[in-house]
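Read the structure below first, then the notes.
2 protein chains.
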Amino acid sequence: MTASPTYGELTDKGASTNIAWHEASVGRDDRSQQRGHRSAILWFTGLSGSGKSTLANAVNAALFERGLATYVLDGDNIRHGLCKDLGFSDADREENIRRIGEVAKLFLDAGVIVLTAFVSPFRADRDKARDLVEDGDFLEVFCAADLEVCESRDPKGLYAKARAGQIKEFTGISSPYEAPETPELKIDTGKQDLAYSVELVIKALQERGVIPAA
Amino acid sequence: MTASPTYGELTDKGASTNIAWHEASVGRDDRSQQRGHRSAILWFTGLSGSGKSTLANAVNAALFERGLATYVLDGDNIRHGLCKDLGFSDADREENIRRIGEVAKLFLDAGVIVLTAFVSPFRADRDKARDLVEDGDFLEVFCAADLEVCESRDPKGLYAKARAGQIKEFTGISSPYEAPETPELKIDTGKQDLAYSVELVIKALQERGVIPAA
């Protein structure tokens, strides 16, 4: 081992080997360059049953097939882990979305296209997540299926429970859903078929230069 | 658009196109296979000034140079973001480490080799992070520089403040550091030079089959 820097020398920028180590922090741009695509946050929002998670996972799979770095954050991997200490009070819902926004920002920094799939009913909470990152890094994808469609699907039986009063403050029934006013993408996931919806998202990423054209 | 699945059909596993979409969730193994390396959590622990962050960033850079997917979680990107609501009480320190463990698990699932660089002084907290994942996915790297060395470096002036009583419960001075009993790797970051320490970590990853041999 010769001429290797030791811990005590790391602030000495005069020695080239030290610079190499001292400046060792790998940035988002380095990752983009190596992987051939930028990172972004795709924030899917919509009623329960609107198909957020289905669409996010399908987009994720399509991006993965192109060899891109992607990841989905949804109830499955967040609610029983990072946010398992949180309930469904207003304060806890806000904190839940706050943490998801912060984790999404970490993935963004890590060079990963991260897709979040949560109802995230409140505009202010979504806007806080958006404000954590630079313009262009946050794409809001509004899954705009009608309530009737979502309720008729009711894959988890939640609407039935909400109607029966067994779930309090259920979005769309007893708690408001504040639709995005200017989302980057609005997809009627009640009517559009899935493959076409995936194409719309992919196209939006290409148009913004996040991923290369096919 | 023909024969494309629609949202309402996604539970019908009888139709092959539906299966394709329904099973669209990309798993950790898929990512490993595509990227040519497994993921892992490298959990650096040690006193303030022991060189955890320096070593983690240097390892990160070395792995990045090999084209691998990596990311560092440290005070810079966690304390002002995900954990900005937490202070330094016992409960808050525990919650801080809990969240870091959960986020590390997400990166693991995303196929990323994630390096965490926090003092994480309590054995029970580190073991909880370890227990979140499978055996072999968690490598504890004990940065075992002597207190004297760390205090003489004191890059942030924290030891001086702790000695002056301006910081309460400072690890190593007024709060205990519980050294790992059986870490996967113990490096005397007070004596070993940095390049050699990096090599030790890389070798440990190779021996465990996380990354390919050079």
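Residue numbers (my numbering), protein chains in the order written: chain A, 1 to 214; chain B, 1001 to 1214.
Quick reminder that beta carbons are idealized off the backbone N, C-alpha and C, glycines included.
None of these values were measured; they are calculated from a predicted model.
Just to confirm, are residue i and residue j a CB contact at a threshold of 8 Å?
i              : j              : result
residue 1070/B : residue 1060/B : yes
residue 1141/B : residue 1041/B : no
residue 111/A  : residue 28/A   : yes
residue 1102/B : residue 1139/B : no
residue 50/A   : residue 171/A  : no
residue 1091/B : residue 1129/B : no
residue 1131/B : residue 77/A   : no
residue 126/A  : residue 43/A   : yes
residue 52/A   : residue 117/A  : yes
residue 1030/B : residue 64/A   : yes
Are there 16 or more other CB atoms within 10 angstroms of the CB of residue i, so buried, or fewer, so exposed?
i              : result
residue 212/A  : exposed
residue 192/A  : buried
residue 144/A  : buried
residue 1205/B : buried
residue 182/A  : exposed
residue 203/A  : exposed
residue 1209/B : exposed
residue 80/A   : exposed
residue 1221/B : Not covered by the structure: residue 1221/B. The range shown for chain B is 1001 to 1214.
residue 1197/B : buried
residue 1153/B : buried
residue 1058/B : buried
residue 160/A  : exposed
residue 164/A  : exposed
residue 214/A  : exposed
residue 113/A  : buried
Per DSSP, which residues does residue i bridge with? Please list them.
i              : result
residue 1139/B : 1042/B
residue 1114/B : 1041/B and 1071/B
residue 186/A  : 142/A
residue 171/A  : 175/A
Check the C-beta distance from residue i over to residue j and give it rounded, since I have them as a contact under 8 Å.
i              : j              : result
residue 1179/B : residue 1115/B : No, residue 1179/B and residue 1115/B are not in contact; Cβ-Cβ is about 20 Å, not under 8 Å.
residue 32/A   : residue 25/A   : No, residue 32/A and residue 25/A are not in contact; Cβ-Cβ is about 15 Å, not under 8 Å.
residue 150/A  : residue 47/A   : 5 Å
residue 1194/B : residue 1054/B : 7 Å
Consider the C-beta atom of residue i and the heavy atoms of the ligand ZN; say whether any pair is separated by less than 7 Å.
i              : result
residue 1042/B : Looking at this structure, you won't find the ligand ZN or any other ligand, since it has none at all.
Could you name the residues of chain C that residue i contacts, counting a contact when the two beta carbons are closer than 8 Å?
i             : result
residue 201/A : Among the protein chains of the structure shown, namely A and B, there is no chain C.
Query raised in the report: Between the stretch 94-103 of chain A and the stretch 1081-1088 of chain B, are three or more C-beta pairs nearer than 8 Å?
Result: yes
Query raised in the report: When the Cβ atoms of the stretch 171-179 of chain A are set against those of the stretch 113-129 of chain A, are three or more pairs found closer than 8 Å?
Result: yes
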